[in-house]
Amino acid sequence: MRLFHAVTALAATSALALTLTACGNGSGNDASGDQSSTPASSTSATAAGGAPAENAGGTKDAGSSTGGGGTGTSTSTGSTGGTGSSGGIGASRCHTAGLGFSFGSGDGKVSSSDDQQQLAVVLKNKTSAACTIQGFPGVDLKSSGGSWSLTRSGATPKKVTLAAGSSTTFTITFLPWNQGSGTEFKATSVVVTPPNETTSTTLAWPGGSVLLQDGATHPGTYTGPVGG
Numbered sequence: 020m021r022l023f024h025a026v027t028a029l030a031a032t033s034a035l036a037l038t039l040t041a042c043g044n045g046s047g048n049d050a051s052g053d054q055s056s057t058p059a060s061s062t063s064a065t066a067a068g069g070a071p072a073e074n075a076g077g078t079k080d081a082g083s084s085t086g087g088g089g090t091g092t093s094t095s096t097g098s099t100g101g102t103g104s105s106g107g108i109g110a111s112r113c114h115t116a117g118l119g120f121s122f123g124s125g126d127g128k129v130s131s132s133d134d135q136q137q138l139a140v141v142l143k144n145k146t147s148a149a150c151t152i153q154g155f156p157g158v159d160l161k162s163s164g165g166s167w168s169l170t171r172s173g174a175t176p177k178k179v180t181l182a183a184g185s186s187t188t189f190t191i192t193f194l195p196w197n198q199g200s201g202t203e204f205k206a207t208s209v210v211v212t213p214p215n216e217t218t219s220t221t222l223a224w225p226g227g228s229v230l231l232q233d234g235a236t237h238p239g240t241y242t243g244p245v246g247g
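If you read the sequence shown in our numbering, its first letter stands for residue 20, the second for the next number, and so on.
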């Protein structure tokens, strides 16, 4: 009987030891499982594009800076466009009110070529902006007895751009009157109307009497184009 109880006690002791060992191993496994399941993102969040969350603000600021650069480029383009519409490319036509009128040498000097003489008329841009002018001016010689509208030469007009303060000219070619040569036209003034304008300017005529040929097919007195 004593042997039976001893064996029984030994078996019970071994079973208890095995049970305690098993419980200790299970508790360790649970701790390892909890530790490994904790996500890395819980301590270090990730921003879009892979940048850490603490750098996301810097990335956004960099984007804003780039956007600002884009805005600057747009402003520059607009300035250029504005510059393409006010720098001369789209210059408006020269108007009578913005032009100054004088003779070539400033004193009405006339140059001679054979029997004909020439008088240069200067047109000066008095405005602060460039303007363009093209064509033949209207030229009327005036006397105490009437008016004579001069014909045009056969030259081809060209477009002239006048910067602020710059000048161009056109030439009046005329045939002076000589005793016994025909009808005398005692010119006292010349009325000039710029191309495509209706307002005129009157200058004192410095050339003396002109041979009247207002009905001639090819008169010796005529006007040339501006810039010609």
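Where is the CB? At the ideal position from N, CA and C, for every residue including glycine.
Helix or strand or just coil, what does DSSP make of residue i?
i: residue 157; result: strand
i: residue 139; result: strand
i: residue 175; result: coil
i: residue 116; result: helix
i: residue 170; result: strand
i: residue 123; result: coil
i: residue 17; result: Because the chain is modelled from 20 through 247, residue 17 falls outside the range shown and cannot be assessed.
i: residue 147; result: coil
Under 8 Å Cβ to Cβ from residue i, same chain only, skipping five residues before and after it: list those, please.
i: residue 123; result: 138, 139, 140, 141 and 188
i: residue 179; result: 151, 152, 153, 187, 245 and 246
i: residue 232; result: 194, 201, 238, 239 and 240
i: residue 176; result: 153, 154, 155, 214, 244, 245, 246 and 247
i: residue 110; result: 148, 149, 150, 151 and 180
i: residue 190; result: 137, 138, 139, 140, 242, 243 and 247
i: residue 185; result: 143 and 144
i: residue 221; result: 161, 208, 209, 210 and 211
Residue i lies in the beta strand (DSSP E); which residues open and close that run?
i: residue 150; result: 150–152
Please identify the residue among the options whose C-alpha is closest to the C-alpha of residue i.
i: residue 211; options: 203, 234, 236 and 167; result: 167
i: residue 147; options: 164, 230 and 114; result: 114
i: residue 198; options: 161, 228 and 239; result: 228
i: residue 163; options: 226, 117, 204 and 171; result: 204
i: residue 206; options: 117, 224, 216 and 170; result: 224
i: residue 226; options: 236, 165 and 196; result: 196
Would a check of beta-carbon distances place residue i closer than 7 Å to chain C?
i: residue 158; result: The structure shown contains no chain C, having only a single protein chain.
What residues in its chain sit with their C-beta under 7 Å from that of residue i, if we drop five residues either side in the sequence?
i: residue 214; result: 152, 153, 154, 155, 156 and 245
i: residue 183; result: 144, 146, 147, 148 and 149
i: residue 118; result: 142, 143, 144, 145 and 213
i: residue 171; result: 155, 241 and 242
Can you give me the Cβ contacts of residue i inside the same chain, cut-off strictly under 6 Å, excluding the 5 residues immediately before and after it?
i: residue 218; result: 115
i: residue 159; result: 166, 168 and 210
i: residue 216; result: 115
i: residue 135; result: 192, 194 and 239
i: residue 121; result: 141
i: residue 174; result: 243, 244 and 247
i: residue 230; result: 194, 196, 200 and 201
Whole runs of the beta strand (DSSP E) within the stretch 179–246, excluding any shorter than 3 residues | As far as the stretch 179–246 is concerned, its whole beta strand (DSSP E) runs of at least 3 residues are 179–181, 186–193, 206–212 and 220–223.
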